[in-house]
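Chains as they are written, first to last, in my numbering: chain A, 486 to 714; chain B, 486 to 714. We put the beta carbon where it would ideally sit given N, CA and C, even for glycine. Reviewing the structure listed below.
Protein chains: 2
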Amino acid sequence: MNFETFKSLVRISKEDICRELFLENKNSIKIKKEGVAIKNLVTIFDAALQLSNKKGFFAMSLRDLSAATGLSMGALYSYFNSKEELLDMLQRQGRTVITRVIVDQLKGIDDPWERMKRAIQTHLYLTEVMQSWFYFAYMETKNLKKNEHKLAIEAELFTENIFSEIIEQGINKGVFADVSQELTAAAIKAMLQDWYLKRWKYAGRQVSVDDYARFLMDFVSAFLLPVNR
Amino acid sequence: MNFETFKSLVRISKEDICRELFLENKNSIKIKKEGVAIKNLVTIFDAALQLSNKKGFFAMSLRDLSAATGLSMGALYSYFNSKEELLDMLQRQGRTVITRVIVDQLKGIDDPWERMKRAIQTHLYLTEVMQSWFYFAYMETKNLKKNEHKLAIEAELFTENIFSEIIEQGINKGVFADVSQELTAAAIKAMLQDWYLKRWKYAGRQVSVDDYARFLMDFVSAFLLPVNR
DNA sequence: CAAAAAAGAGCGAGCGTTCGTTTTTTATGA
DNA sequence: TCATAAAAAACGAACGCTCGCTCTTTTTTG
Chain A
486 MNFETFKSLV
496 RISKEDICRE
506 LFLENKNSIK
516 IKKEGVAIKN
526 LVTIFDAALQ
536 LSNKKGFFAM
546 SLRDLSAATG
556 LSMGALYSYF
566 NSKEELLDML
576 QRQGRTVITR
586 VIVDQLKGID
596 DPWERMKRAI
606 QTHLYLTEVM
616 QSWFYFAYME
626 TKNLKKNEHK
636 LAIEAELFTE
646 NIFSEIIEQG
656 INKGVFADVS
666 QELTAAAIKA
676 MLQDWYLKRW
686 KYAGRQVSVD
696 DYARFLMDFV
706 SAFLLPVNR
Chain B
486 MNFETFKSLV
496 RISKEDICRE
506 LFLENKNSIK
516 IKKEGVAIKN
526 LVTIFDAALQ
536 LSNKKGFFAM
546 SLRDLSAATG
556 LSMGALYSYF
566 NSKEELLDML
576 QRQGRTVITR
586 VIVDQLKGID
596 DPWERMKRAI
606 QTHLYLTEVM
616 QSWFYFAYME
626 TKNLKKNEHK
636 LAIEAELFTE
646 NIFSEIIEQG
656 INKGVFADVS
666 QELTAAAIKA
676 MLQDWYLKRW
686 KYAGRQVSVD
696 DYARFLMDFV
706 SAFLLPVNR
């Protein structure tokens, strides 16, 4: 599997994501027409992610967002009740997609090393498709209020746990070396996150997401596979 | 070398760091008495780091900082000319220390693997001693204006380059496997940074910095040392 | 007592938010 | 098909509040 294959298998559209959000947030979104709501939500979220990733969510004002979207201040408030709620919605936007796609992509794969490879690839390709969201989610998590913050931390630990379980499985089957599952999963996660957090650096060096995936799988295999040790 | 040894060898005091800043910023710091200036700079920086790391530099107001330090608004402005300058000073605060300590700790070590181990340990122990600064520097870099932003990026790449050069040296001496220097150095850096960026997670799991150092050296050795491969 | 340090009230600007008004869209009836 | 009325969407001025910052007065230090 490579990035091009992934993209054609897993079609993630902003419209679908915003439709889900629209249906879940009828109380906050005062727009009746689905088509209008979705079109504008996409515009709002794109602009908000871009502005926030540049200067931070708090430093972005709603006047900035108004200018960037071409919607008035009053119109913006048809889509969320407060700036804080916008933050929550932005954070929530991608979370269910991620979980669903990773779990889906691992279905039917039993071999631990194949699972590990697929998990690494899936994570990287997802973050490539939705880089601005991942960057935003990482950087702004600490601004979330209690319950949303808890959910964000859980999502962080959930994907790490996917790796941890693959490692456990591999060790139990005698396929992987006997390593610390938690620390290894955390280290893999750190390297996966580096991809989207420092996209500027890898882009500057012309490292493709497939290059990076290959490198990571190589790096991880040296540690996990006894054949290599 | 372990963390306790490091701490007694490398004494980093906030007072020394603030003294350097005081001497370099006579234009911005209107206080004449070195003792008073340094004492209050330490207080200001500690409070600013804590507040910023909790809610973001922009979301922290100077009234927040005033309350946290016990200094009035007017007194705060004796120490910096603007909030933006405070950001610059905070970012600059630790940069020279880091460079100096890493370079010092590598002196007299020729063996590539020994250098690698020392570099990993030094980086981790430094970030353990100055965790709040490192977290702040990582999270707030994007808010810096042009020249300061450039310096921060350079510092980021400088430490990564230390690892890259060690790898190059190891490959040239036939000690290390033939791997991508840049990607390997970046991966090591990512794992090192994870330590201070997700300090909450490792603390919750009761992983000591020495545990983490040992784990990282093991992980990296599996990839770099042909004996392992 | 003089110099240095600190306090704190208040300024103008910008912020998030509200709400009455205007514009656009849509459905209906002739 | 066209005109009209109602519903929906959008606008934008203004409110109260907080912000960064200034500057005169007060307090502390040596």
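Below 8 Å on the Cβ atoms is my contact criterion, and I expect residue i with residue j to pass it. Report the Cβ-Cβ distance as a whole number of Å.
{"i": "residue 580/B", "j": "residue 591/B", "result": "At roughly 18 Å, the Cβ-Cβ gap does not stay under 8 Å, so residue 580/B and residue 591/B are not in contact."}
{"i": "residue 637/B", "j": "residue 678/B", "result": "Contact flag wrong, Cβ pair sits at about 14 Å."}
{"i": "residue 551/A", "j": "residue 561/A", "result": "6 Å"}
{"i": "residue 647/B", "j": "residue 587/B", "result": "6 Å"}
{"i": "residue 554/A", "j": "residue 528/A", "result": "5 Å"}
{"i": "residue 542/A", "j": "residue 506/A", "result": "At roughly 17 Å, the Cβ-Cβ gap does not stay under 8 Å, so residue 542/A and residue 506/A are not in contact."}
{"i": "residue 645/A", "j": "residue 671/A", "result": "6 Å"}
{"i": "residue 540/A", "j": "residue 628/B", "result": "7 Å"}
{"i": "residue 503/A", "j": "residue 516/A", "result": "Their Cβ separation, rounded to whole angstroms, is 11 Å, which puts residue 503/A and residue 516/A out of contact at 8 Å."}
{"i": "residue 568/A", "j": "residue 534/A", "result": "The Cβ separation is near 15 Å, so there is no contact."}
{"i": "residue 694/A", "j": "residue 610/A", "result": "6 Å"}
{"i": "residue 664/A", "j": "residue 652/A", "result": "7 Å"}
For residue i, does the count of other Cβ atoms within 10 angstroms reach 16, so buried, or fall short, so exposed?
{"i": "residue 734/B", "result": "Nothing about residue 734/B can be read from this structure; chain B reaches only from 486 to 714."}
{"i": "residue 525/A", "result": "buried"}
{"i": "residue 521/A", "result": "exposed"}
{"i": "residue 509/B", "result": "exposed"}
{"i": "residue 600/B", "result": "buried"}
{"i": "residue 688/A", "result": "exposed"}
{"i": "residue 558/A", "result": "exposed"}
{"i": "residue 612/A", "result": "buried"}
{"i": "residue 490/A", "result": "exposed"}
{"i": "residue 625/B", "result": "buried"}
{"i": "residue 649/A", "result": "buried"}
{"i": "residue 494/B", "result": "exposed"}
{"i": "residue 674/A", "result": "buried"}
{"i": "residue 691/B", "result": "exposed"}
{"i": "residue 667/B", "result": "buried"}
{"i": "residue 655/B", "result": "buried"}
With a threshold of 8 Å between beta-carbons, can residue i be considered close to chain B, or not?
{"i": "residue 487/A", "result": "no"}
{"i": "residue 646/A", "result": "no"}
{"i": "residue 624/A", "result": "yes"}
{"i": "residue 679/A", "result": "yes"}
{"i": "residue 668/A", "result": "yes"}
{"i": "residue 491/A", "result": "no"}
{"i": "residue 604/A", "result": "no"}
{"i": "residue 643/A", "result": "no"}
{"i": "residue 628/A", "result": "yes"}
{"i": "residue 546/A", "result": "no"}
{"i": "residue 649/A", "result": "no"}
{"i": "residue 665/A", "result": "yes"}
{"i": "residue 675/A", "result": "yes"}
{"i": "residue 543/A", "result": "yes"}
{"i": "residue 637/A", "result": "no"}
{"i": "residue 698/A", "result": "no"}
Strictly under 8 Å for the Cβ-Cβ distance: is residue i near chain A by that measure?
{"i": "residue 500/B", "result": "no"}
{"i": "residue 690/B", "result": "yes"}
{"i": "residue 704/B", "result": "yes"}
{"i": "residue 601/B", "result": "no"}
{"i": "residue 708/B", "result": "yes"}
{"i": "residue 640/B", "result": "no"}
Can you find a heavy atom of the ligand SAH that lies under 7 Å from the Cβ of residue i?
{"i": "residue 612/B", "result": "As for the ligand SAH, it is missing from this structure, which has no ligand bound."}
Problem - Cβ pair count under 8 Å reaching 3, the region 687-704 of chain B against the region 606-613 of chain B - result: yes
Practice task
Could you name the residues of the region 509-541 of chain A whose beta carbon sits closer than 9 Å to any beta carbon of chain B, in the order they occur along the chain?
Solution key: 538, 539, 540 and 541
Problem - the region 614-623 of chain B in contact with the region 674-689 of chain B per 3-pair CB rule at 8 Å - result: With the cut-off at 8 Å, the region 614-623 of chain B and the region 674-689 of chain B touch.
Problem - Cβ pair count under 8 Å reaching 3, the region 700-711 of chain A against the region 651-669 of chain A - result: yes
Practice task
Could you run through the region 546-560 of chain A and flag, in chain order, every residue whose CB is less than 8 Å away from some CB of chain B?
Solution key: none
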